[in-house]
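Q: Handing you a structure now.
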Amino acid sequence: MEVNEKIAVDHGLKADEYKKICDLLKRVPNLTELGIFSAMWNEHCSYKSSRLHLKKLNTKGKKVIQGPGENAGVIDIGDDDAIVFKIESHNHPSFIEPYQGAATGVGGIMRDVFTMGARPIANLNSIHFGSTQHKKTKNLLRGVVKGIGGYGNCIGVPTIAGQTCFDQSYNGNILVNAMTLGLVNKNKIFYSKAAGINKPVIYVGSKTGRDGIHGASMASAIFDDKIEEKKPTVQVGDPFTEKLLLEACLELMSDKSIIAIQDMGAAGLTSSSIEMASKGNLGIELHLDRVPCREERMTPYEIMLSESQERMLIVLENGKEDSAKKIFDKWNLDFAVIGKTTNSKNIELYFEKEKVANVPIKFLSNEAPIYDRPWKKTKLPQKIKFSNNDFKKLKFNDVIKKMISNPNICSKQWIWEQYDHTVMGDTIQKPGGDAGVVRVHGTKKAVASSVDSSASYCYAHPFTGGKQVVCEAWRNLVSVGAEPIAITNCLNFGNPEKKENMGEFVECIDGINEASKYLNFPVVSGNVSFYNETKDKGIKPTPTIGGVGLIKDYKNLMSMSFKSKGNLVFVIGKTEGSLDQSVFAKIILDERKGPPPEINLFNEKNNGETILKLIKEKLALSVHDVSLGGIMIGALKMCIAGSKGIKFNRFKDLINIYQYFFSEDQGRYIIEVDKNNQKKVESILKKNSVHFDLLGETTDKEIIINDEPTFTVDKVTEFYKGWLYKYMS
Amino acid sequence: MNSSVIIFPGSNCDRDMDVALKKFGFKNKMVWHDDDELPNSELIVLPGGFSYGDYLRCGSIAGKSKIIQSVIDFANSGGLVLGICNGFQILTETGLLKGVLQQNKNIEFICKNIFVKVNNSENKFFENIDKDVLELHIAHNEGNYFCTEDELKSLEDNNQIAAYYCNSDGKIDEKSNPNGAIKNIAGIFNEKKNILGMMPHPERMIDQSLSGEDGSIFFENLLKNLK
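Structure (structure tokens):
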């Protein structure tokens, strides 16, 4: 087939991009070459709209071993132990085929982690769906949850935490972001940079089929009515093979055979071979007829663009082929020497002795387009003036019931009970806490991790929202007693060719960056997902932040459950009463305007560090950060977790009681303290200039407000846990 | 005391079981599915996981694997065999235990703490156990035990039911049945009571920091009985 502009455009390239390709090559590419260009130059692989802005991110820190640019980021957690972690999106495929889309998302991110030599020790996920009233939501939720579970459960890696949100802006574009943490000896990390000429290039794992061809291009396009037709571009996952691949790779990694290794993710063999060669400034020669294929008569074009799962490409030391093959034979996996590294600096493809492609690698990587897209700043919305009249008709008990059973606040137990969260025998904080925590196997250490997003805040004011998400991740780690170390980000946005969407992206990054710098909480890995848009309607800007922290002695793990009755409960951090953008304003007052709550980074850091001090000195019995739903929801969640009640002190503040209890002011925590330690705690708080209020006292079962009993904890638990089960039944 | 844990491709609780056995004093060895012979052991464990992907029926391919004939011989000669979760499924596939494990009634994977009531303590597994209601953990998609009426009758007549799902007080009722298993059956023995298959994972409950500690009671007691 003769390649022309129309065919190029059908491959998702722009007309001027096609012209650039012809100019670079000084000829018209053949179809295989065009396919390779389209795969490498699409948004998903080239980061062409985001790269300029991603460069600004704070990626350095004392504990950072590897920042962005590798398969995943790596941080030092002491004693030669390192944690490899990354979050990645699988949004487009999951909307088209929720089970396989989500499953292969989990598979892909785990491969990124064990490619670096790390054994995966925990999975997390952040999933966003449309309105609970939307006709597709239930099936999408069910499919995604089954897919995530189906893959992670089979591999035997615990899913320890997550986040689920509902908002109508995701009606046509759900988000599935999967994160994996792995453990590796810091002296035995594997990278994707090839080195040396004439080194064998090895293909291992599953056979190549026709699934997923153009998956990466699909993920770089907006959706229309015909999206269902794209089902064949969704890959199919095989967790069993991945489990074998994991064990085989780790076995091979125990000696020094591997020079470079890269998993075949988006754009499969194309991007993995080009990335390894490009990083090593080498050429690569591949013989595509040696690639193990699942289907007959596959063409070079199809082999290069297939996104079949559970495959790896390895550059091996010479002479190690036989011993490596033995390992893959043992695990019943395909193993084929398909080429070698060269000094040509080109990718050269052969098929049945014929040369079918020859492209300088720099054209595919360095010369890929970079766009400085126009973007628009978002103005800070005006604050909403609430008056006492707005609250007059409300009944406190009704509000509590409505808030605690709101889809974005209620318990997600229906979801996480379908994930194996205890396999590997090291999960010490299960889902449902502020962060998931797993022990570092065989040591006293434990690693905490959480995943967060706040699309409403980011939509109202991207800069503030960006800061807020990072702070939220920080607080979640602090709440379990972990010292926050680093983050990974998954940046889910609309169409970057629209300046509003591009502006949201740019300003969210600026916000993330500011908070990340101030908190010394660097970004070590991440991914960008643009074009989350259907028929002109984009999603709210949704940067998802995965945080990782360390607990030096797992016996000091902190939890949110109230421990016993008769203890004091404090709110740490100042309550200003701002309701703008709060869940309360949205669902009780039907008010969606206004700015997100302000972020004060000094207070954020100071409050967090003081909480860690209280935990370390064993003065806090339970800790929970205040987030959606404010103090009231925060305190009720602690009641529910510990099956205790609370008597709130009589309210005599200047602001309205609803503003006090439901505002989402930032930088706050609720802690439980033994009465005998009241003075010690107060003096530490004062010494560190931390604002605090005495909120009340824990009780046996009753929840008492202004001396009036409201619900018992059992009743509130029913509201909290019941909603999602009812919705899904 | 020597034990062996069989690793099938796709096993994923093999390490957890190894950790648990060693913690309570077993000298444990890991055995690859493709091996011909079992090391000298007083206890053979088939661990949880998704052997061979469980793409056919759960446990069916493992039930035909190379090592399994040695396990069958070992069991038939009176050796102690424990199958947890996928291990239980494999034991039913080999015919060493009666019945089948179907998909959970709610057609969902379930991972949570449950309680079981030990039904028969006249065997090496539960003899002298000082607690008859244990809090254990399940994590499975196919744990819904089923057998024919005749099989059920013979299981009951021979006292082959090892444990029932129950509530924290030991009451065996429908509400505490997590997966729809017939008569709340969580685990069964063979006729001679030297083979135990059960869905709950004691190896995930061996530490106060984890989901609980009742798994420790099981292992400590087992070791005592074998000494």
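Keeping their order, the protein sequence lines are chains R and B. For the first sequence, numbering that gives the first Met the number 0 gives the first residue as 0, with consecutive numbering after it. For the second sequence, numbering that gives the first Met the number 0 gives the first residue as 0, with consecutive numbering after it. No residue lacks a Cβ here, since even glycine has one placed at the ideal position from N, Cα and C. As the structure is a computational prediction, the values presented were derived from the model and not from experiment.
(1) Hey, R:V143 and R:N122: beta-carbon distance below 8 Å or not?
(2) Give the interface partners of B:N11 over in chain R, defined as CB-CB distance under 9 Å, in chain order.
(3) Let me see if you follow: with CB-CB separation under 8 Å, is R:Y726 close to chain B or not?
(4) So with CB distances below 8 Å, who are the chain B contacts of R:I427?
(5) Compute the Euclidean distance between the alpha carbons of R:I670 and R:P521, then round it to the nearest angstrom.
(6) Which runs of the alpha helix (DSSP H), 4 residues or longer, sit entirely within the region 651-676 of chain R?
(7) Using only alpha-carbon positions, find the residue among R:P373, R:G149, R:G279, R:G318 that is nearest to R:N345.
(8) Taking 7 Å as the line, does the beta carbon of B:D213 fall inside it for any heavy atom of the ligand HEM?
(9) Thinking C-beta only, is R:A323 closer than 8 Å to R:S256?
(10) Quick one: which chain B residues come within Cβ less than 7 Å of R:Y98?
(11) Decide if R:M739 is buried, meaning its Cβ has at least 16 other Cβ atoms within 10 Å, or exposed.
(12) Are any of the Cβ atoms in chain A nearer than 8 Å to that of B:P8?
(13) Find out if the Cβ-Cβ distance for the pair R:A428, R:G148 is shorter than 8 Å.
(14) Applying a beta-carbon distance threshold of less than 9 Å, which residues of chain B neighbour R:I553?
(15) Using a 10 Å radius around the Cβ and a threshold of 16 neighbouring Cβ atoms, would you call B:R255 buried or exposed?
(16) Going along the chain, which residues of its own chain have a beta-carbon closer than 6 Å to the beta-carbon of R:M727, five neighbours each way excluded?
(17) Is B:I106 helix, strand or coil when you go by DSSP?
(18) Relative to the alpha-carbon of R:E294, which residue among R:R209, R:E241, R:K325, R:A266 has its alpha-carbon at the smallest distance?
(19) Determine which residues share a DSSP beta bridge with R:P119 and list them.
(20) When you compare the CB of B:R56 with every CB in chain R, is at least one pair closer than 8 Å?
(21) So which of R:E284, R:V336, R:T240 has the shortest CA-CA distance to R:Q308?
(22) Can a CB atom of chain R be found closer than 8 Å to the CB of B:F52?
(23) Taking only beta-carbon positions, decide if B:G48 is within less than 8 Å of chain R.
(24) By DSSP, does B:F217 sit in helix, in strand, or in coil?
(25) Whole angstroms are fine: how far does the CA of B:C165 sit from the CA of R:N124?
(26) DSSP has B:C165 in a bridge; who is on the other side?
(27) Can you pull the DSSP bridge partners for R:N387?
(28) Beta-carbon within less than 8 Å of R:V715's beta-carbon, same chain only, minus the 5 sequence neighbours each way: which residues are those?
(29) Would you mind reading off the limits of the beta strand (DSSP E) that contains R:P97?
(30) Would you say R:I571 and R:F691 are within 8 Å of each other, going by their C-beta atoms?
(31) I'd like the list of long-range same chain contacts for B:C12, defined as Cβ closer than 6 Å, with 5 residues on each side in sequence excluded.
(32) Indicate whether at least one CB of chain B lies closer than 8 Å to the CB of R:N122.
(33) Based on the DSSP output, what are the partners of R:Q428 in its beta bridges?
(34) Below 8 Å on C-beta distance, what does R:W330 contact in chain B?
(35) Would R:I154 and R:K242 be called neighbours here (beta carbons separated by less than 8 Å)?
(36) Taking a cut of 7 Å between CB atoms, which residues from the region 115-148 of chain R lie near chain B?
A: Working from what's here:
(1) Indexing the first sequence from 1 puts residue 143 of chain R at position 144. Indexing the first sequence from 1 puts residue 122 of chain R at position 123. No.
(2) On the second sequence, position 12 is the one that residue 11 of chain B refers to. The answer, in chain order, is N152, C153, I154, G155, V156, K242, D419, V422, M423.
(3) As a working mapping, residue 726 of chain R is identified with position 727 in the first sequence. Not one chain B Cβ lies under 8 Å of R:Y726.
(4) Locating residue 427 of chain R in the first sequence gives position 428, where the first residue counts as 1. Here the neighbours are S208, L209.
(5) Within the first sequence, numbered from 1, the residue matching residue 670 of chain R stands at position 671. Within the first sequence, numbered from 1, the residue matching residue 521 of chain R stands at position 522. Taking the straight line joining both Cα atoms gives about 27 Å.
(6) 656-661
(7) Here the question's residue 345 of chain R lines up with position 346 in the first sequence. Among R:P373, R:G149, R:G279, R:G318, the Cα nearest to that of R:N345 is on R:G279.
(8) Ligands in the displayed structure: none, and consequently the ligand HEM is not present.
(9) As a working mapping, residue 256 of chain R is identified with position 257 in the first sequence. As a working mapping, residue 323 of chain R is identified with position 324 in the first sequence. In this structure, R:A323 lies closer than 8 Å to R:S256 by Cβ.
(10) As a working note, residue 98 of chain R is residue 99 in the first sequence. Near R:Y98 there are no residues of chain B at all, since even the closest Cβ is about 13 Å away, more than 7 Å.
(11) Outside the shown range of chain R, which is 0 to 728, sits residue 739 of chain R, and nothing can be said about it.
(12) You won't find chain A in this structure, because its protein chains are R and B.
(13) Taking the first sequence and counting its residues from 1, the one referred to as residue 428 of chain R is at position 429. Taking the first sequence and counting its residues from 1, the one referred to as residue 148 of chain R is at position 149. In the sequence on display, residue 428 of chain R carries Gln and not Ala. Not a contact, by the Cβ cut-off of 8 Å.
(14) Here residue 553 of chain R is taken as the residue at index 554 of the first sequence, counted from 1. Before going on, a small fix: residue 553 of chain R reads as Tyr here, not Ile. Neighbours of R:Y553 on chain B, chain order: S208.
(15) What the structure shows of chain B is the stretch from 0 to 226, and residue 255 of chain B is not part of that stretch, so it cannot be assessed.
(16) Residue mapping note: residue 727 of chain R aligns to position 728 of the first sequence, counting from 1. For R:M727, where only same-chain residues beyond five positions count, the Cβ hits under 6 Å are W413.
(17) Taking the second sequence and counting its residues from 1, the one referred to as residue 106 of chain B is at position 107. In the structure shown, B:I106 sits in coil (DSSP, three-state: anything other than H, G, I, E or B).
(18) Taking the first sequence and counting its residues from 1, the one referred to as residue 294 of chain R is at position 295. Nearest neighbour of R:E294 by Cα position, chosen from R:R209, R:E241, R:K325, R:A266, turns out to be R:R209.
(19) In the first sequence, the residue the question calls residue 119 of chain R occupies position 120. Answer by DSSP bridge pairing, in chain order: R:G181.
(20) Along the second sequence, one-based indexing puts residue 56 of chain B at 57. Cβ-Cβ to chain R under 8 Å: no for B:R56.
(21) Looking up residue 308 of chain R in the first sequence gives position 309. For the residues R:E284, R:V336, R:T240, the minimum Cα distance to R:Q308 belongs to R:T240.
(22) Within the second sequence, residue 52 of chain B is the residue found at index 53, counting from 1. The identity of residue 52 of chain B in the sequence shown is Gly, whereas the question assumes Phe. Taking Cβ atoms only, chain R reaches closer than 8 Å to B:G52, which makes this a yes.
(23) Residue mapping note: residue 48 of chain B aligns to position 49 of the second sequence, counting from 1. Chain R, which has a Cβ nearer than 8 Å to the Cβ of B:G48, makes this yes.
(24) As a position in the second sequence, residue 217 of chain B is number 218, starting the count at 1. If DSSP states are grouped into helix, strand and coil, B:F217 belongs with the helices.
(25) Here the question's residue 124 of chain R lines up with position 125 in the first sequence. Here the question's residue 165 of chain B lines up with position 166 in the second sequence. Our two residues, R:N124 and B:C165, have alpha carbons roughly 32 Å apart in a direct line.
(26) As a working note, residue 165 of chain B is residue 166 in the second sequence. Answer is B:F114.
(27) The sequence position of residue 387 of chain R within the first sequence is 388, counting from 1. Bridge partners of R:N387: none, in fact.
(28) The sequence position of residue 715 of chain R within the first sequence is 716, counting from 1. Counting only Cβ-Cβ distances below 8 Å, and skipping sequence neighbours, we find I399, I403, L635, C638, I639, I702.
(29) Here residue 97 of chain R refers to the residue found at position 98 of the first sequence. No beta strand (DSSP E) contains R:P97, which is instead part of the alpha helix (DSSP H) from 97-113.
(30) The sequence position of residue 571 of chain R within the first sequence is 572, counting from 1. The sequence position of residue 691 of chain R within the first sequence is 692, counting from 1. Yes, the pair counts as a contact, with Cβ atoms nearer than the cut-off.
(31) Along the second sequence, read from residue 1 onward, the residue named residue 12 of chain B stands at position 13. The residues are P46, G47, G48.
(32) The sequence position of residue 122 of chain R within the first sequence is 123, counting from 1. No, because no Cβ of chain B sits closer than 8 Å to the Cβ of R:N122.
(33) Walking along the first sequence from the start, residue 428 of chain R turns up at place 429. Paired residues: R:V436.
(34) For the purposes of this step, residue 330 of chain R is taken as the residue at position 331 of the first sequence. What R:W330 touches in chain B: P8.
(35) Walking along the first sequence from the start, residue 154 of chain R turns up at place 155. Walking along the first sequence from the start, residue 242 of chain R turns up at place 243. For R:I154 and R:K242, yes; Cβs fall inside 8 Å.
(36) G148
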